[in-house]
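One point on numbering: in my numbering, the residue at position 280 of the sequence shown is 273, and numbering is uninterrupted.
Taking it in order: structure first as structure tokens, then the write-up.
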Amino acid sequence: PRPIAVMSSADHAQAAQPARGWRMAAAKHYGGPANASGYATVVAPGQHDAWVFGGTNPGAESRPVAEHWNGHAWQPARLPAGLGSFISAASASSPASVWAVSSFGGYALRWNGARWSVARRWRPGTAAASVTAISPADVWLFGAPSRSGQRASAWNFDGHGWIRVAGPRAPVSRASAVSRHDIWAITAAPQGGLVEQWDGRAWYQIRTGSVLAGTQLDDVVAVSRHSVWVLGNSPAATPAGRVVVAHWNGTRWRRFTAPGRAMPRRLAPDGQGGIWVTATTLGAQTESRLLHLSRSGRWTLTDIAYGLGNAISDLALIRGTTSLWGSGGFLTESGGDAAIWLHGNGRTGDLR
-6 PRPIAVMSSA
4 DHAQAAQPAR
14 GWRMAAAKHY
24 GGPANASGYA
34 TVVAPGQHDA
44 WVFGGTNPGA
54 ESRPVAEHWN
64 GHAWQPARLP
74 AGLGSFISAA
84 SASSPASVWA
94 VSSFGGYALR
104 WNGARWSVAR
114 RWRPGTAAAS
124 VTAISPADVW
134 LFGAPSRSGQ
144 RASAWNFDGH
154 GWIRVAGPRA
164 PVSRASAVSR
174 HDIWAITAAP
184 QGGLVEQWDG
194 RAWYQIRTGS
204 VLAGTQLDDV
214 VAVSRHSVWV
224 LGNSPAATPA
234 GRVVVAHWNG
244 TRWRRFTAPG
254 RAMPRRLAPD
264 GQGGIWVTAT
274 TLGAQTESRL
284 LHLSRSGRWT
294 LTDIAYGLGN
304 AISDLALIRG
314 TTSLWGSGGF
324 LTESGGDAAI
334 WLHGNGRTGD
344 LR
């Protein structure tokens, strides 16, 4: 166990505001009219390169979809034939090394800059939840054990093939890497989850003290070895409690609790030392809300009001900027449409 220093912050917040700086960049419907479609995840490996992934859900047969931003327009990507379900997670180390995973479909896909191919398939019952691409020759795939009592699954792609490697004892739900010797993960646990770190030789449980006690962990983003963010919901047993963000600065943890109640989903750095969080409010109508925590510790709440039952599922900072892409969808009277949001400046293009 490693020593920690803990620091907590009081709530500092503004009232919910209109979606200043955020706008819908594109929307598209997949499948039949009654089909619900959406984008589950987004990655932005370059200033002029981004991907959104998702698929169709209830209303028709499920199938995965992907759209590519080339700096001018969003265009559909051709995926390998015969795939079902939808894509639930993705990671990219460069525009020519993008990876996507279908947890329930049982496959991982690889983009080499020219085409998509199936990189790995696995047995039913071994659900891969997270993929982390460090380089084209260093990719981690995490999943649940195929049988009760087994250690959680982890595989590493070394540029030539997949190797079964030691993983944390509990299944990894999300992971993020600074380098091949510095990978952070959150794992499932009865008390809400644990934070684990890979140092190039072994996995270690990171003590967070009271900062994340009783918190259901949902996401982790490692910006650098001096900046790691963890997102959760507190108390852990509450469907929509308080959104909790914890930050590790290389020396100590600091806790930030957002005002109001919501169910957190994903987080992404803002490029200025702060963080964006996407969350869902529960009530008469489920809606997506964006929360921004500034570097100084001030919360700002943003309502994304577009259509009915809108939801932003994932966020990605565009490298070298303070702009972000957001992926998700919104309900329609007959089904649902997939949607892409943009924060910041730049051309948004159209889906073709």
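We put the CB at the ideal spot given by N, CA and C, even for glycine.
Owing to the predicted nature of the structure, the values given are computational and were not obtained by experimental measurement.
Exercise. Take residue 314 and list the residues in its own chain whose beta-carbon comes closer than 7 Å to its own, dropping the five residues that flank it on each side.
Key: Cβ neighbours of residue 314 beyond the five flanking positions: 40, 264 and 337.
Exercise. Please say whether residue 204 and residue 248 have beta carbons closer to each other than 8 Å?
Key: Yes, they are a contact pair.
Exercise. Return the chain-ordered list of same chain residues with a C-beta closer than 6 Å to the C-beta of residue 97, the five sequence neighbours on each side being excluded.
Key: The beta carbon of residue 97 sits closer than 6 Å to the beta carbons of 78 from its chain, once the five residues preceding and following it are set aside; these are given in chain order.
Practice problem: Assign residue 333 to one of three DSSP states: helix, strand, or coil. | Solution: Three-state result, residue 333: strand.
Quiz prompt | Collapsed DSSP secondary structure at residue 106 in the structure displayed | solution = The three-state reading of DSSP puts residue 106 in coil, since its state is none of H, G, I, E or B.
Practice problem: Would you kindly report the start and end of the unbroken beta strand (DSSP E) that includes residue 271? | Solution: In the DSSP assignment, residue 271 falls within the beta strand (DSSP E) that extends over 268 to 274.
Quiz item: Residues in its own chain within less than 8 Å of residue 288 by CB, not counting five upstream and five downstream?
Solution: Here residue 288 has 265, 266 and 267 as same chain residues with Cβ atoms under 8 Å from its own Cβ, once five neighbours each way along the sequence are excluded.
Quiz item: So, using beta-carbon positions, are residue 19 and residue 333 closer together than 8 Å?
Solution: Cβ atoms of residue 19 and residue 333: closer than 8 Å.
Practice problem: Report, in whole angstroms, the separation of the C-beta atoms of residue 306 and residue 31, which I expect to be a contact under 8 Å. | Solution: Confirmed, Cβ separation roughly 7 Å.
Quiz item: Helix, strand or coil for residue 72 per DSSP?
Solution: Look at residue 72 here: in three-state DSSP terms it is coil, with no helix or strand label.
Self-check item: residue 105 to residue 168 span [Cα, whole Å]
Solution: A direct Cα-to-Cα measurement between residue 105 and residue 168 gives close to 22 Å.
Quiz prompt | Residue range of the unbroken beta strand (DSSP E) whose run includes residue 115 | solution = Note, residue 115: premise wrong, no beta strand (DSSP E); not H, not E.
Quiz prompt | Selected residue, minimal CA-CA separation from residue 262, among 245, 252 and 319 | solution = If you compare the alpha carbons of 245, 252 and 319 with that of residue 262, the shortest gap goes to 319.
Self-check item: beta strand (DSSP E) segment containing residue 19, residue limits
Solution: Residue 19 -> beta strand (DSSP E) spans 15 to 21.
Quiz prompt | Under the three-state DSSP convention, the category residue 159 falls into | solution = In this structure, residue 159 counts as coil in the three-state DSSP scheme.
Quiz item: What is the rounded straight-line gap between the Cα of residue 329 and the Cα of residue 281?
Solution: Answer to the nearest angstrom: the Cα atoms are 15 Å apart.
Quiz prompt | Same chain, Cβ closer than 6 Å to residue 100, neighbours up to 5 away in sequence not counted | solution = Within the same chain, residue 100 has close Cβ partners 111 and 114.
Quiz item: Hey, how far is the Cα of residue 234 from the Cα of residue 209?
Solution: If you take the alpha carbons of residue 234 and residue 209, they lie about 10 Å apart.
Quiz prompt | Residues that DSSP places opposite residue 80 in a beta bridge | solution = DSSP lists no beta-bridge partner residue for residue 80.
Quiz item: For residue 323, which beta-bridge partners are listed by DSSP?
Solution: BP columns for residue 323 point to 330.
Quiz item: Can you pull the DSSP bridge partners for residue 123?
Solution: The partner list for residue 123 (beta bridge, DSSP) reads 135.
Quiz prompt | For residue 124 and residue 74, believed in contact at Cβ under 8 Å, the rounded distance | solution = Between residue 74 and residue 124, the beta carbon gap of about 21 Å keeps them out of contact (Cβ cut-off 8 Å).
Quiz prompt | Among 176, 273, 211 and 62, nearest to residue 195 - alpha-carbon criterion | solution = Closest in C-alpha terms to residue 195, from the list 176, 273, 211 and 62, comes 176.
Quiz item: Can you tell me whether residue 35 is buried or exposed, with buried defined as 16 or more other CB within 10 angstroms of its CB?
Solution: Per the 10 Å Cβ criterion, buried.
Quiz item: Mapping DSSP to helix, strand and coil, what is residue 34?
Solution: It is a strand residue.
Quiz item: Got a sec? Which residues, its chain only, sit under 6 Å from residue 325 by beta carbon, not counting five neighbours each side?
Solution: Once the five neighbours on either side are set aside, residue 325 has no close Cβ partner at all.
Quiz item: Using the C-alpha atoms, what's the distance from residue 133 back to residue 149?
Solution: Per the coordinates, the alpha-carbon of residue 149 lies some 5 Å from the alpha-carbon of residue 133.
Quiz prompt | Environment of residue 88 [buried if 16+ CB atoms lie within 10 Å] | solution = With 16 or more other Cβ atoms within 10 Å, it is buried.
Exercise. Classify residue 285 as helix, strand or coil using the three-state DSSP reduction.
Key: In the structure shown, residue 285 sits in a strand (DSSP, three-state: E or B).
Exercise. Kindly indicate which three-state DSSP category residue 231 falls into: helix, strand or coil?
Key: Looking at residue 231 - three-state DSSP - the assignment turns out to be coil, as it is neither helix nor strand.
Practice problem: State the CB to CB distance for the pair residue 80 and residue 94, rounded to an integer number of angstroms; the pair is presumed to be in contact (CB under 8 Å). | Solution: Between residue 94 and residue 80 the Cβ distance is about 7 Å, and since that is below 8 Å, they are a contact.
Quiz item: Given that a residue counts as buried once 16 or more other Cβ atoms are within 10 Å of its Cβ, and exposed if not, what is residue 206?
Solution: Around the beta-carbon of residue 206, fewer than 16 other beta-carbon atoms lie within 10 Å, marking it exposed.
Quiz item: Does the beta-carbon distance from residue 240 to residue 269 come in below 8 Å?
Solution: Annotated as distal: residue 240 and residue 269, with beta-carbon spacing of 8 Å or more.
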